[in-house]
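Heads up, my numbering is the position in the sequence shown plus 1, with the first residue counted as 1.
Where is the CB? At the ideal position from N, CA and C, for every residue including glycine.
I have placed the structure first, in the form of structure tokens, so that the comments after it can refer back to it.
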Amino acid sequence: MSKKNTTGLTPVLRVDFPHAERLGRGKIMLLEHIRKTGSISAAGRAMDMSYRRAWLLVSALNRMFAQETVASQRGGKQGGGAVITPFGEELIRRFRAMEAKAEAALAAELAWLEENRNPSPVVTAVTDPEQHP
Numbered sequence: 002m003s004k005k006n007t008t009g010l011t012p013v014l015r016v017d018f019p020h021a022e023r024l025g026r027g028k029i030m031l032l033e034h035i036r037k038t039g040s041i042s043a044a045g046r047a048m049d050m051s052y053r054r055a056w057l058l059v060s061a062l063n064r065m066f067a068q069e070t071v072a073s074q075r076g077g078k079q080g081g082g083a084v085i086t087p088f089g090e091e092l093i094r095r096f097r098a099m100e101a102k103a104e105a106a107l108a109a110e111l112a113w114l115e116e117n118r119n120p121s122p123v124v125t126a127v128t129d130p131e132q133h134p
């Protein structure tokens, strides 16, 4: 989640919206990169994704909410760019707060999982037992 916990195990928050839309750490990270770079394309590059993929994710975010999360300006003499809107900033803040709350609520269970996990698991190919009896 937003901060490393002491167990090394990390729960992942994802909110499923109607019509197959999702809000998770990837979209929030993209918003944070746009905030830092002022650019959808640079944010996408920072996350090893194409400009098209980054643009589609921003478009999805803007459709998911009644207010825009990112305002962009096309290129040209002014050079284009993108900024996180005040609503987008609040979305980032609230999502990161939800992550922190979830991690705090799960701290004891994560500690128990950590205590009981195999510290050096053997990685093997997973096979479907129904296909390979």
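- In this structure the region 111 to 121 does not lie against the region 16 to 32, because fewer than three pairs of beta carbons, one per stretch, are closer than 8 Å.
- Annotation for residue 68: 86, 88 place their beta carbon closer than 8 Å to its own, counting only its chain and skipping 5 residues before and after.
- Rounded to whole angstroms, the Cβ separation of residue 83 and residue 39 is 6 Å, and the two are in contact under 8 Å.
- Looking at the DSSP output, residue 84 sits in a beta bridge with 72.
- Residue 43 sits away from residue 31, with the two beta carbons spaced by 8 Å or more.
- In this structure, the beta-carbon distance from residue 14 to residue 100 falls below 8 Å.
- Here residue 56 has 41 as same chain residues with Cβ atoms under 6 Å from its own Cβ, once five neighbours each way along the sequence are excluded.
- Rounded to the nearest whole angstrom, the CA to CA distance from residue 35 to residue 59 is 10 Å.
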